[in-house]
Amino acid sequence: MKNVGRMERLLQRHRGGALILLCTLLAIAGGVRFGNATAQTSSRAGDRELPVYCVETDKKQVALSFDAAWGNEDTQQILDILANHNVHVTFFMTGGWVSAYPEDVKKIQAAGHDLGNHSENHKNMSQLSKEECISELMTVHNKVKELTGVEMTLFRPPYGDYDNEVILTAQECGYYPIQWSVDSLDWKDYGVQSILDTVLKHKNLEEGAIILCHNGAKYTAQALDELLTGLAEQGYEVVPISELIYKDNYHMDHTGRQISDVS
Numbered sequence: 001m002k003n004v005g006r007m008e009r010l011l012q013r014h015r016g017g018a019l020i021l022l023c024t025l026l027a028i029a030g031g032v033r034f035g036n037a038t039a040q041t042s043s044r045a046g047d048r049e050l051p052v053y054c055v056e057t058d059k060k061q062v063a064l065s066f067d068a069a070w071g072n073e074d075t076q077q078i079l080d081i082l083a084n085h086n087v088h089v090t091f092f093m094t095g096g097w098v099s100a101y102p103e104d105v106k107k108i109q110a111a112g113h114d115l116g117n118h119s120e121n122h123k124n125m126s127q128l129s130k131e132e133c134i135s136e137l138m139t140v141h142n143k144v145k146e147l148t149g150v151e152m153t154l155f156r157p158p159y160g161d162y163d164n165e166v167i168l169t170a171q172e173c174g175y176y177p178i179q180w181s182v183d184s185l186d187w188k189d190y191g192v193q194s195i196l197d198t199v200l201k202h203k204n205l206e207e208g209a210i211i212l213c214h215n216g217a218k219y220t221a222q223a224l225d226e227l228l229t230g231l232a233e234q235g236y237e238v239v240p241i242s243e244l245i246y247k248d249n250y251h252m253d254h255t256g257r258q259i260s261d262v263s
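175 is the number that UniProt numbering gives to position 175 of the sequence shown; each next residue is one higher, with no gaps.
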């Protein structure tokens, strides 16, 4: 742990080559490092490395997530509704959003929600070099750590764009790459009823589903109360992604479903 601490301090002082050095050393030190532990796992399905789209589970749980890349007008309303339902979720934040709304980041963390990494500049990660990918991950990582003390371990690629190198690089930097299986399409601004119908009638709404929303979308906050009520009426417990996914001893099927290897 002392060695990891030294590497993290090195990362805070330097960019570029030091970023790659840190992640490479973490990978060498114990296989691939996911989160805070060495994981005996595989994210490979065939010749592809996959993020977690959903989770195989017998528990009637789903995870709700919000991408935060623009605007904060509705963030407090979203937090209030989540609190009223006693629900915790995951917020994936860009570095720009963290810098623009640091008090909101603190409120999200204080309310018990997951803080997730959505890259520094919301670029298509598959079009970047490995060094650039690491910088996109670790720049916002360090911002959030300095602001809240939280070491983020969940990463959602902007636009859902990834390739094998993006997934492996994120893992080497201590992240579980996360996608989604139910897209609310709230970003299309079709209205409250559209969000409700899209999610609550979605073919992939089932145990272990991960639902995508955006805190800055026009109608999301307006739809949230009914959405949470509708999920509860269908018997689903909403949990943050950190509680839904397996941290180790798992593999992926070809659809990106995370499956536990522990019987």
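Even for Gly, the Cβ is constructed at its ideal location relative to N, Cα and C.
Predicted model only: the values in this text are computed from it and were never measured.
Beta-carbon contacts of residue i that lie in its chain and below 6 Å, excluding the five residues immediately before and after
i: residue 40; result: Unreliable positioning characterises residue 40 in this predicted model, as indicated by a pLDDT of 45, which lies under 50. A coordinate reading is not provided.
i: residue 254; result: 45
i: residue 236; result: 60 and 62
i: residue 260; result: 246 and 250
i: residue 70; result: 216
i: residue 75; result: 104 and 215
i: residue 200; result: 230
i: residue 204; result: 181 and 182
i: residue 92; result: 67, 116, 118 and 156
Alpha carbon of residue i to alpha carbon of residue j, nearest angstrom
i: residue 64; j: residue 206; result: 13 Å
i: residue 100; j: residue 94; result: 10 Å
i: residue 125; j: residue 67; result: 16 Å
i: residue 122; j: residue 229; result: 32 Å
i: residue 140; j: residue 120; result: 5 Å
i: residue 131; j: residue 214; result: 28 Å
i: residue 251; j: residue 162; result: 18 Å
i: residue 113; j: residue 102; result: 15 Å
i: residue 216; j: residue 49; result: 30 Å
i: residue 98; j: residue 154; result: 15 Å
i: residue 72; j: residue 263; result: 43 Å
i: residue 12; j: residue 183; result: Confidence in residue 12 is poor, its pLDDT being 43 and thus under 50, which makes the residue's placement too unreliable to answer from.
i: residue 178; j: residue 77; result: 25 Å
i: residue 96; j: residue 231; result: 32 Å
i: residue 108; j: residue 47; result: 37 Å
i: residue 192; j: residue 227; result: 9 Å
i: residue 85; j: residue 238; result: 10 Å
i: residue 115; j: residue 90; result: 6 Å
i: residue 258; j: residue 211; result: 15 Å
i: residue 53; j: residue 149; result: 28 Å
i: residue 138; j: residue 55; result: 26 Å
i: residue 51; j: residue 187; result: 22 Å
i: residue 135; j: residue 157; result: 13 Å
i: residue 160; j: residue 143; result: 22 Å
i: residue 209; j: residue 176; result: 16 Å
i: residue 164; j: residue 133; result: 12 Å
i: residue 189; j: residue 117; result: 24 Å
i: residue 30; j: residue 185; result: Reliability fails at residue 30, whose pLDDT of 35 lies under 50, so the model's placement of it is uncertain and no value is given.
Delimiting residues of the beta strand (DSSP E) encompassing residue i
i: residue 116; result: 114 to 117
i: residue 105; result: Residue 105 -> not in any beta strand (DSSP E); alpha helix (DSSP H) instead, spanning 102 to 110.
i: residue 171; result: Here residue 171 belongs to no beta strand (DSSP E); instead the alpha helix (DSSP H) covers 164 to 172.
i: residue 90; result: 90 to 93
Element boundaries [alpha helix (DSSP H), containing residue i]
i: residue 153; result: Neither: residue 153 is in no alpha helix (DSSP H) and is coded neither H nor E.
i: residue 138; result: 130 to 148
Residues of its chain near residue i, where Cβ-Cβ distance is below 8 Å and the 5 sequence neighbours each way are ignored
i: residue 151; result: 36, 141, 145 and 174
i: residue 147; result: 98, 102, 105 and 106
i: residue 225; result: 81, 84 and 85
i: residue 111; result: 79, 82, 83 and 88
Cβ neighbours of residue i in the same chain (closer than 7 Å, five flanking residues each side left out)
i: residue 240; result: 63, 88, 89, 90, 113 and 114
i: residue 202; result: 182
Three or more beta-carbon pairs under 8 Å between the region 194 to 206 and the region 162 to 170, yes or no? Because the criterion of three Cβ pairs below 8 Å is not met, the region 194 to 206 and the region 162 to 170 do not touch.
Three or more C-beta pairs below 8 Å linking the region 53 to 72 and the region 231 to 248: Under the three-pair Cβ rule at 8 Å, the region 53 to 72 counts as touching the region 231 to 248.
Any alpha helix (DSSP H) of 4 or more consecutive residues that is wholly inside the region 193 to 262: The alpha helix (DSSP H) runs of length 4 or more contained entirely in the region 193 to 262 are, from start to end of the chain, 220 to 233 and 241 to 244.
Touch check for the region 75 to 82 and the region 218 to 226: three-plus C-beta pairs under 8 Å? Inter-segment contact for the region 75 to 82 and the region 218 to 226 is present: three or more beta-carbon pairs are separated by less than 8 Å.
For the region 60 to 87, list the beta strand (DSSP E) runs that are entirely contained and at least 3 residues long, ordered along the chain. Fully enclosed beta strand (DSSP E) runs of 3 or longer: 61 to 68.
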